[in-house]
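K.L.:
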Amino acid sequence: MPQMPKIATWHLPVPDVESATYWQGAREGKLLIKHCNACERHFFYPRAACPFCWSVDTSWRESSGRGNVYTFTVVHQNDLPPFRDRVPYVIAVIELEEGVRMTANVEGCSPDDVRCGMRVRVAFRDEARSEDDVVSLPVFRPEG
Amino acid sequence: MIAGIAESRFGDVPDATALELHQEAAALAVADAGLAKDDVDGLFSCGADLLHPLLLAEYLGIRPRYVDGTQVGGSAWEFFLHHAVGAIESGLCDVALLNYATTSRSDLKRKVRSANVAIEARGPAQFESAYGHTVIGRHAMAATRHMHEFGTTSAQLAEIAVQMRANASRNPLAMYRDPITVDDVLSSRLISSPLHKLDCCIRSDGGGAVVIVSEERARDLPKKPVWVLGAAEAISHHTMSEWHDFTESPAKYSAERAFAMAGVKPDEIDVLQVYDSFTITVLLTLEAMGFCAKGEGGAFVEGGRLTLDGSLPTNTDGGGLSSNHPGMRGLFLIIEAARQLRGEAEGRQVKDATLAAVNGTGGWFSSTGTLILGAD
């Protein structure tokens, strides 16, 4: 059954062999997405093989970081730390220019101002597991 | 066919364990079917525990020869019924027991569980967990998109909660029975926009059980048989960014297959039981099953259509929004549908109900199972 997390940074990503490059890119301020060299499609989240054609001939591409809000919600209640102290916050599905979608927070504006179709651009929010273990999370801000 | 149905005690049940409620419901449903414990040779169940079916079979003191523990969320029970029919037709078991219970409400009060689910940020969840996703938020995103594309309003979603409560007022066992208004829903706390507190299901303790047997065996049993005319399942996404259309429930596919198998059309259905984790769940399901066109769900639910006196009586026990919701509620949809088709829904019986449709939804519009049930 759902229980209160035992560690404060339970929510922070645990990189694995398929995602390490993505998180390293984020540390360097780049939003990396996977591209299939066989069927020429982008996909998200990153996997070793393309989910469309199962080719393992895939490569990383840097996204323009531009996109729009496909849908979102303003979370007013979450009893889990650290989010219980962050409400209200916006969680959205962003449609990137490259055609893939990803989940992220929308920051840098009032939650009441977020709309479907709103143009946004990637930014990075740092959170630390420890002094020498920092994660950069892609988030989005209104463009312009 | 469905031979036995039962609920355990539900609502606030602080003095029972979840396994105890499983057994309570199982014993009642097996007796309802006119069978005995030792007749059960198929077990279909899932729960939070690792190896749940093993734990449950051991607790019940049964050693079934066929076991299914498919875990796809609240629709698991419709998947199980689909699987049980196949297993019985193939001779893999004769008497299938679907059995479920939790003490989710009491566990929260005892502070042994949290309200929100902490999904560890490993695997694909590492691309969501850091942003503070919630189960309600995942559903709320569907409502936001539906409103954006089709102009659906919060008042229309509220209509669904109001009508489920009206149905609950005629069910003496329902947890919440006092009528509510659209204004009550809209003025209740925003939990995750645009969903308010009263757009969300309640949290209860409780369990249920359903017994399925072969057509041959059904003829000798005491209760009016409820036939499974159609059954189908469909899955969509696990990670939200993988859902291709936030206004389309996978019920579109499971319902199409189940209706085709039964040779029945939506306008022939007398009574409907659909998963109502949130008001938006009902709206997307009505559209996906073909009761109204896509985008027209908001207008469709206005005017009391889903009440016991409406043209499409839906969630006649009050549903998860008002009667009970221990967490994976799909089993209760089957129980209430069968009760209506038997003519046993005292105080809330839909007159001459002979055809029922059931749709369970699991995860966050991630899986659906649709059943078409009929009485002679």
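If you're matching them up, the sequences are chains A and B in order.
Taking the working numbering, I'd label the letters of the first sequence as residues 651 to 794.
Taking the working numbering, I'd label the letters of the second sequence as residues -1 to 374.
Where a beta carbon is used, it is the ideal one built from N, C-alpha and C, also for glycine.
Below 8 Å on the Cβ atoms is my guess for lysine 680 of chain A versus phenylalanine 693 of chain A; work out the distance and round it to an integer in Å.
P.N.:
Actually they do not touch by this definition, with Cβ atoms about 17 Å apart.
K.L.:
Within 8 Å (strictly less), CB to CB, does threonine 279 of chain B reach chain A?
P.N.:
It does not: the Cβ of threonine 279 of chain B has no partner Cβ on chain A nearer than 8 Å.
K.L.:
Where methionine 139 of chain B and arginine 736 of chain A are concerned, what is the direct C-alpha to C-alpha distance, given to the nearest angstrom?
P.N.:
Using only the alpha carbons, I get a separation of about 19 Å.
K.L.:
Using a Cβ-Cβ distance under 8 Å, would glycine 149 of chain B count as near chain A?
P.N.:
Cβ-Cβ to chain A under 8 Å: no for glycine 149 of chain B.
K.L.:
Quick one: is glutamine 154 of chain B near chain A, going by C-beta distance under 8 Å?
P.N.:
With 8 Å as the cut-off, glutamine 154 of chain B does not count as an interface residue toward chain A.
K.L.:
Who are the Cβ neighbours of lysine 263 of chain B in its own chain at under 7 Å, not counting the five residues just before and after it?
P.N.:
Taken in chain order, the residues that qualify are Phe257.
K.L.:
Looking at chain B, which residues of the segment 725 to 736 of chain A have a Cβ within less than 7 Å of any of its Cβ atoms?
P.N.:
The residues in question are Val725, His726, Gln727, Asn728, Asp729, Leu730, Phe733, Arg736.
K.L.:
Check whether the Cβ atoms of glycine 204 of chain B and glutamate 334 of chain B sit closer than 8 Å, and answer yes or no.
P.N.:
Going by C-beta atoms, glycine 204 of chain B is not nearer than 8 Å to glutamate 334 of chain B.
K.L.:
Does any residue of chain A have a CB that is nearer than 8 Å to the CB of leucine 282 of chain B?
P.N.:
No, its Cβ sits nowhere closer than 8 Å to a Cβ of chain A.
K.L.:
Three Cβ pairs or more, each shorter than 8 Å: is that satisfied between the segment 202 to 218 of chain B and the segment 25 to 35 of chain B?
P.N.:
In short, these stretches touch, since the Cβ pair count reaches three.
K.L.:
Quick check on asparagine 718 of chain A - is its C-beta less than 8 Å from some C-beta in chain B?
P.N.:
Judged by the 8 Å Cβ criterion, asparagine 718 of chain A is not in contact with chain B.
K.L.:
Assuming aspartate 66 of chain B is part of the beta strand (DSSP E), what are its boundary residues?
P.N.:
From DSSP, the beta strand (DSSP E) with aspartate 66 of chain B extends over 64 to 66.
K.L.:
I'd like to know whether the C-beta of leucine 746 of chain A is nearer than 8 Å to at least one C-beta of chain B.
P.N.:
Leucine 746 of chain A does not count as touching chain B.
K.L.:
Just the C-alpha distance for arginine 779 of chain A and alanine 754 of chain A, rounded to the nearest angstrom, thanks.
P.N.:
C-alpha separation (whole angstroms): 19 Å.
K.L.:
Taking the beta carbon of isoleucine 0 of chain B as the centre, do at least 16 other beta carbons fall within 10 Å, making it buried, or is it exposed?
P.N.:
Result: buried.
K.L.:
Should valine 11 of chain B and threonine 101 of chain B be called a contact, given that it needs their Cβ atoms to be closer than 8 Å?
P.N.:
Yes; because the gap between Cβ atoms is below 8 Å, this pair is in contact.
K.L.:
What residue range does the alpha helix (DSSP H) around phenylalanine 276 of chain B cover?
P.N.:
Looking at the DSSP string, phenylalanine 276 of chain B is not in any alpha helix (DSSP H), and its letter there is neither H nor E.
K.L.:
Quick check: the Cα distance between threonine 659 of chain A and arginine 751 of chain A, rounded to an integer number of angstroms?
P.N.:
Whole-angstrom Cα-Cα distance: 25 Å.
K.L.:
Taking the C-alpha atoms as reference points, what is the distance between lysine 349 of chain B and glutamate 747 of chain A?
P.N.:
If you take the alpha carbons of lysine 349 of chain B and glutamate 747 of chain A, they lie about 55 Å apart.
K.L.:
For threonine 721 of chain A, which residues does DSSP report across the bridge?
P.N.:
Threonine 721 of chain A pairs with A:Val743.
K.L.:
Provide the residue span of the beta strand (DSSP E) that contains valine 441 of chain B, from first to last.
P.N.:
The question about residue 441 of chain B has no answer here: the residues shown for chain B are numbered -1 through 374.
K.L.:
Would you kindly work out how many angstroms separate the C-alpha atoms of isoleucine 400 of chain B and arginine 7 of chain B, rounded to a whole number?
P.N.:
Since the first and last residues shown for chain B are -1 and 374, residue 400 of chain B lies out of range.
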